[in-house]
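Visitor:
Residue numbers (our numbering): 16 to 157.
(1) Per the DSSP calculation, residue 122 is bridged to which residue(s)?
(2) If the criterion is Cβ atoms closer than 8 Å, does the pair residue 123 and residue 69 meet it?
(3) Leaving out five residues on either side along the sequence, give the residues of the same chain with a beta carbon under 6 Å from the beta carbon of residue 97.
(4) Given a threshold of 16 other Cβ atoms within 10 Å of its Cβ, counted over all protein chains shown, does residue 118 qualify as buried or as exposed?
(5) For residue 38, does the three-state DSSP call read helix, strand or coil?
(6) For the putative contact between residue 126 and residue 115, defined by C-beta atoms under 8 Å, what is the C-beta separation to the nearest angstrom?
(7) Cβ atoms of residue 102 and residue 56: under 8 Å apart, would you say?
(8) Is it buried or exposed, residue 145, if we count other Cβ atoms within 10 angstroms and call 16 or more buried?
(9) Rank 52, 138, 64, 51 by C-alpha distance to the C-alpha of residue 113 and give the top, closest one.
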């Protein structure tokens, strides 16, 4: 078999039967992006680029979901988002290898992103554009 044919054969087999580690990574990535509220968490963490308090995260998610400022929102709306994040979304996000969550001081941040996750995050953010999209840097020039 010629070298070019062998490389083509290896490449085709790779895509037909990708390594298990790659599939686990894809499963993890798609799980992170499967819920709108979880995507909003990722968008905001990516936008801030550092540690974020849960309270700050809840306020931003509320603003995006309701297209309104958190100043006019009743406290029970924040409580619902906080409970949803604490019981559903943050545990799943915490399981991701590139997200750090310190429960004791209620801070969360992205420690690093794989190339695949970064690409999907950028594309997803550009397509979805949360309600209050002017607050999100979509990577475009002002």
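Cβ coordinates follow ideal geometry from the N, Cα and C atoms, glycine included. Bear in mind the structure is a predicted one, so any value in this text is a computation, not a measurement.
Guide: Per the coordinate set shown:
(1) In the chain shown, residue 122 corresponds to position 107, counting from 1. The beta-bridge partner set that DSSP reports for residue 122 consists of 68, 117.
(2) Numbered from 1 along the chain shown, position 108 holds the residue referred to as residue 123. Numbered from 1 along the chain shown, position 54 holds the residue referred to as residue 69. Yes, Cβ-Cβ distance for residue 123 and residue 69 is below 8 Å.
(3) What you label residue 97 is simply residue 82 of the chain shown in a count that begins at 1. 73, listed in sequence order.
(4) Residue numbering aside, residue 118 sits at position 103 when the chain shown is read from its first letter. Taking a 10 Å sphere around the C-beta of residue 118, we find fewer than 16 other C-beta atoms and assign the residue as exposed.
(5) For the purposes of this step, residue 38 is taken as residue 23 along the chain shown, with counting starting at 1. Because residue 38 sits at a pLDDT of 48, beneath the cut-off of 50, its placement in the model cannot be relied upon, and the following sentence gives the value as read from the coordinates. The three-state secondary structure of residue 38, taken from DSSP, is helix.
(6) Position 111 of the chain shown, counted from the start, is the residue given in the question as residue 126. Position 100 of the chain shown, counted from the start, is the residue given in the question as residue 115. Indeed they touch by this definition, with Cβ atoms about 5 Å apart.
(7) As a first step, residue 56 is located in the chain shown; it is residue number 41 there, counting from the start. As a first step, residue 102 is located in the chain shown; it is residue number 87 there, counting from the start. Going by C-beta atoms, residue 56 is not nearer than 8 Å to residue 102.
(8) Against the chain shown, residue 145 aligns to sequence position 130. Of the other Cβ atoms in all chains shown, 16 or more fall within 10 Å of the Cβ of residue 145; this residue is therefore buried.
(9) Counting from one through the chain shown, the residue named residue 113 turns up at place 98. With distances taken between Cα atoms, residue 113 lies closest to 64.
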